[in-house]
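Here the structure comes first, spelled out in structure tokens, and everything after it is commentary.
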Amino acid sequence: MKKLFFLTSLPLFICLFVQAQEILPGISVRNTGGKIIVSWRNEYQKPVSTINIQRSYDSLNNFTTIGSVLTPQNKENGYADLTAPYSKMYYRVFIAFEGGSYIISTPTRPTKDTGAFTATTIKYPWQVDPTVDPNINVPPPPSVLPNTPVILYPSKWVFTARDNNVVIHLPDVETKKYSVKFYDELDKQLFELNNLILS
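Here my numbering runs 135 ahead of the position in the sequence shown, where the first position is 1.
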């Protein structure tokens, strides 16, 4: 009886913890313990001749090919970037078909792979405990205002001029107190400017 229970529950357990891969031209990019894993599912009917994996510091330019897939016709495939210089780089795949046509996927950043299944649906009391009355209504969850986005790249307020000097142009500097922090590409703080004044 225990073996039967184990054999029937094993596929369900695996389905809960396996993350779905994107279908080409979409890709899944995960950061798993410092290793960047780029994965996808190939459901093209047209024969794929080449799949190249590319990365860049920004999402628009300077993509370089870091690897190629040996058998691009496989239904499930992937690539592990073990030498990523930065954990928040952008990744994309270049897909070439027989006959010369090609597609380039949308640039994607890695998401942190926690290895745990997170349920995003709200469970009502009667779904958790079958003895609870199903007519109980659960109040909606409190609405949370989205956090202010963290700017990770140069902005229109702090930038480099043509002569390579840093220009800081802040609005309402007379009435507000600003501090500016500078980081390197590894998120290590270089220096901080406090109490900026109008000059």
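Idealized CB from N, CA, C, for every residue including glycine.
Within 8 Å, strictly: CB atoms of residue i and residue j
i, j, result
"residue 244", "residue 164", "yes"
"residue 203", "residue 177", "no"
"residue 303", "residue 325", "no"
"residue 232", "residue 183", "yes"
"residue 227", "residue 240", "yes"
"residue 85", "residue 179", "Because residue 85 is not part of the residues shown, which for the chain are 136 to 334, the question remains open."
Span separating the alpha-carbon of residue i from that of residue j
i, j, result
"residue 320", "residue 169", "16 Å"
"residue 314", "residue 298", "23 Å"
"residue 211", "residue 218", "23 Å"
"residue 301", "residue 293", "7 Å"
"residue 336", "residue 205", "Beyond the ends of the chain as shown, which are 136 and 334, falls residue 336; an answer cannot be given."
"residue 221", "residue 189", "14 Å"
"residue 209", "residue 329", "55 Å"
Option in the options with minimal Cα separation from residue i
i, options, result
"residue 161", "296, 213, 167 and 300", "213"
"residue 224", "316, 193 and 158", "193"
"residue 201", "215, 207 and 208", "215"
"residue 234", "205, 209 and 185", "185"
As an exercise, report each continuous beta strand (DSSP E) stretch of at least 3 residues that is fully enclosed by the stretch 169-235, in chain order.
170-176, 183-191, 199-203, 211-216 and 225-232
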